[in-house]
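Residue numbers (the working numbering): 1 to 175. Using N, Cα and C, we set each Cβ at its ideal position, and we do this for glycine too. To keep things clear, I will list the structure first and then write my remarks on it.
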């Protein structure tokens, strides 16, 4: 089997995704939502509304695990995005340097594409992780009575669609 750059990138992505799954670990139960509105992730860590929104914006706009650092989750999952996006940036920059020295070689294009794909995949995963996981962890750790206070039950919405050329009905589920 020939070792190609695309196989190396695929292996890197698999390793990073596996490391994230292992780092996430099982969820503990029993923690509750505090009176100030903080999301309690464990008895030692809580995320305030400012940390949630600020970390989410920083993780979405800048990346590199910085949003996880703001949310005090860098040692758990943020390091994966820091390492992965740095490797992707290195592949991307290495491709440009290789192309400037050897314009006829196709290795530089492969490095550029591999770096861009790695950074794109990790950025999407980081955005999903930074916005979705704190809320899921908050709800998973609440008791059934506390969950009912948050009104997190799924809701169904139905709305008519009235347009000049057509009529219809739209359905939506919010959970």
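Determine the closest residue to residue 127 out of 59, 49 and 54, with distance taken between C-alpha atoms.
The residue given as residue 127 occupies position 127 in the chain shown. Measuring from the Cα of residue 127, the nearest candidate turns out to be 59.
Closest to residue 109 by C-alpha separation, out of 101, 72, 95 and 54, would be which residue?
Taking the first residue of the chain shown as position 1, residue 109 is located at position 109. The shortest Cα separation from residue 109 among 101, 72, 95 and 54 belongs to 95.
Curious, which full-length alpha helix (DSSP H) runs of at least 4 residues does the segment 45-130 contain?
Correct list: 49-61, 66-70 and 79-101.
Tell me which residues share the same chain as residue 116 and place their Cβ nearer than 7 angstroms to its Cβ, disregarding the 5 neighbours each side in the sequence.
As a working mapping, residue 116 is identified with position 116 in the chain shown. Around residue 116: 92.
Report back the beta-carbon spacing between residue 159 and residue 170 to the nearest angstrom; my notes put them in contact at under 8 angstroms.
The residue labelled residue 159 in the question sits at position 159 within the chain shown. The residue labelled residue 170 in the question sits at position 170 within the chain shown. Between residue 170 and residue 159 the Cβ distance is about 5 angstroms, and since that is below 8 angstroms, they are a contact.
From the DSSP output, in three-state form, read off residue 26 for me.
Looking up residue 26 in the chain shown gives position 26. With a pLDDT of only 43 at residue 26, under the threshold of 50, the placement of this residue in the model should not be trusted; the figure read from the coordinates follows. Three-state result, residue 26: coil.
Please go through the same chain and pick out, in chain order, the residues whose beta-carbon is closer than 8 angstroms to the beta-carbon of residue 90, but skip the five residues on each side of it.
Taking the first residue of the chain shown as 1, we reach residue 90 at position 90. Result list for residue 90: 115, in chain order.
Report yes if the CB atom of residue 98 is closer than 9 angstroms to the CB atom of residue 81, and no otherwise.
Start at 1 with the first residue of the chain shown, and residue 98 comes out as number 98. Start at 1 with the first residue of the chain shown, and residue 81 comes out as number 81. No, the pair does not count as a contact, with Cβ atoms beyond the cut-off.
In whole angstroms, what separates the C-alpha of residue 123 from that of residue 85?
Here residue 123 refers to the residue found at position 123 when the chain shown is read from its first residue. Here residue 85 refers to the residue found at position 85 when the chain shown is read from its first residue. Cα-Cα distance, rounded: 8 angstroms.
What separation, rounded to the nearest whole angstrom, lies between the Cα atoms of residue 77 and residue 167?
Sequence index remark: in the chain shown, residue 77 carries index 77 (1-based). Sequence index remark: in the chain shown, residue 167 carries index 167 (1-based). If I take the Cα positions, the gap works out to 47 angstroms.
Report back the beta-carbon spacing between residue 88 and residue 70 to the nearest angstrom; my notes put them in contact at under 8 angstroms.
One-based indexing of the chain shown puts residue 88 at position 88. One-based indexing of the chain shown puts residue 70 at position 70. Contact flag wrong, Cβ pair sits at about 21 angstroms.
Of the residues 62, 64 and 72, which one's Cα is nearest the Cα of residue 133?
Residue numbering aside, residue 133 sits at position 133 when the chain shown is read from its first letter. If we check each option's Cα against that of residue 133, 72 comes out closest.
For residue 164, which three-state DSSP category applies?
Position 164 of the chain shown, counted from the start, is the residue given in the question as residue 164. DSSP places residue 164 in coil when its eight states are reduced to three.
Which residues share a DSSP beta bridge with residue 169?
Indexing the chain shown from 1 puts residue 169 at position 169. Answer by DSSP bridge pairing, in chain order: 160.
Within the same chain, show all residues whose beta-carbon is closer than 8 angstroms to that of residue 102, passing over the 5 residues directly before and after it, in chain order.
Translated into positions along the chain shown, residue 102 becomes position 102. So the list reads 108, once near-sequence residues are dropped.
Taking residue 155 as the reference, which of 172, 164 and 143 has the closest Cα?
Position 155 of the chain shown, counted from the first residue, corresponds to residue 155. Here the closest residue by C-alpha is 172.
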